[in-house]
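Going by our numbering, the sequence shown opens with residue 6, and the numbers climb by one from there.
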Amino acid sequence: MAVAATSPMITQLESPHCEVALELIDDHFPLLLVRWAGRLQAQHVLKLIRFCDVHGAVAASEGRRLVLILDAREAALPNSLVRDMLIDWLSDRPRTNAGGKPRSYVIATDPLIRGVVASLKWATGRGEGIQVVKTLEQAIAGARETFEASGVEVPEILRDE
6 MAVAATSPMI
16 TQLESPHCEV
26 ALELIDDHFP
36 LLLVRWAGRL
46 QAQHVLKLIR
56 FCDVHGAVAA
66 SEGRRLVLIL
76 DAREAALPNS
86 LVRDMLIDWL
96 SDRPRTNAGG
106 KPRSYVIATD
116 PLIRGVVASL
126 KWATGRGEGI
136 QVVKTLEQAI
146 AGARETFEAS
156 GVEVPEILRD
166 E
């Protein structure tokens, strides 16, 4: 069925509302784990930016490659301020550091969240280091491969044992 340009469009799928949660875990550095749920606000984005920038600087000074697994399975669509903040931050980030290009695996099952990530990649021109996957297992496998390809010891949390 074709949709005319004047047809009403669904812009937000109805989903159960949950409280906002942002978890930032650096226990397995240079692997960073991030989980967010609900609709992030500007203050959450600032925490995420500081977290990534601080650890990115440490990784660069040590000549290590930073790998992030970002779990957005419970995320809600961000508002325009949050999207703009992410676009500005991603646009200003260096493309590489001494240890190699930072790599991010975003776990997102909601097509709208996957679309937001795609639009951020397109808007910033920085999408080569960001991969969207549907499952945690895919993110773990990708992170493991990234460490192995870089010749870096795979963090214990990612090892098959």
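Just so you know, even glycine gets a beta-carbon here, dropped at the ideal spot from N, CA and C.
Note: Ala146 is not bridge-paired with any residue in the DSSP secondary-structure output. Contact between the stretch 83 to 96 and the stretch 62 to 74 is absent: fewer than 3 CB-CB pairs across the two stretches fall below 8 Å. Judged by DSSP secondary structure, Glu79 falls within the beta strand (DSSP E) whose first and last residues are 72 to 80.
Leu71 is not a Cβ neighbour of Pro116, given a cutoff of 7 Å. Looking at the DSSP output, Arg40 bridges to Glu28, Asp76. The C-alpha of Ser96 is placed about 24 Å away from the C-alpha of Gly147. Judged by their CB atoms, Val137 and Arg119 are nearer to each other than the 7 Å cut-off.
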